[in-house]
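In our numbering, the protein residues as written are 419 to 598. C-beta: ideal position from N, C-alpha, C; glycine also. Keep in mind the model is a prediction, meaning the values are calculated, not measured.
Below you can see the structure in the form of structure tokens.
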């Protein structure tokens with residue numbers, strides 16, 4: 419949807435390229451943000467002769483089939499000393515019973531396939547990858563892990579939503595930073 423473009427430009431970026439497989443998200447981004455380049459496609463298909471100071475991957479690394487190839491591609495796109503930031507689902511959040519959801523967790527190597535049934539809402543299926551897997555693949559692609567920040571449920575999220583009380587203070591997401 420392009421929402422990250424506004425933030426990076428406010429922080430001083432001179433260029434932004436966003437990639438999304440959703441036509442609706444790309445159209446929304448192009449309509450909302452006049453600065454930046456928005457490309458409908460996937461990381462796997464994306465090619466450019468450009469390099470970047472920063473690559474950000476938010477809640478999408480779980481959907482990339484060949485994560486090792488993705489790390490190699492991110493490495494290719496980054497300037498020396500550039501940063502890769504990945505925000506991914508926290509294993510504990512996606513694999514523990516919460517709210518009134520019914521979870522089925524299937525281990526597939528290092529990954530977990532989590533099926534979430536939520537009553538009247540559609541069933542979702544997520545691929546959850548542990549931080550250690552990201553770190554291992556990052557090192558194999560010559561990235562240096564810099565920091566890992568668990569993003570926890572805050573009081574402002576849980577107080578007005580009583581059904582979120584069970585996740586109070588627990589990591590919902592993981593922010594991982596790597597340097598080339």
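Within 10 angstroms of its Cβ, does residue i collect 16 or more other Cβ (buried), or is it exposed?
i: residue 531; result: exposed
i: residue 485; result: buried
i: residue 464; result: exposed
i: residue 539; result: exposed
i: residue 567; result: exposed
i: residue 598; result: buried
Can you tell me the Cα-Cα spacing of residue i and residue j, whole angstroms?
i: residue 589; j: residue 580; result: 17 angstroms
i: residue 543; j: residue 522; result: 9 angstroms
i: residue 481; j: residue 545; result: 7 angstroms
i: residue 450; j: residue 424; result: 10 angstroms
i: residue 444; j: residue 453; result: 13 angstroms
Using three-state DSSP, classify residue i as helix, strand or coil.
i: residue 470; result: strand
i: residue 551; result: helix
i: residue 425; result: helix
i: residue 515; result: coil
By alpha-carbon positions, which one of the options ends up nearest to residue i?
i: residue 457; options: 471, 442, 469 and 470; result: 442
i: residue 583; options: 518, 461 and 509; result: 518
i: residue 421; options: 439, 432, 440 and 446; result: 446
How do the segment 472-481 and the segment 498-512 stand: do at least 3 beta-carbon pairs fall below 8 angstroms, yes or no?
The segment 472-481 vs the segment 498-512: in contact.
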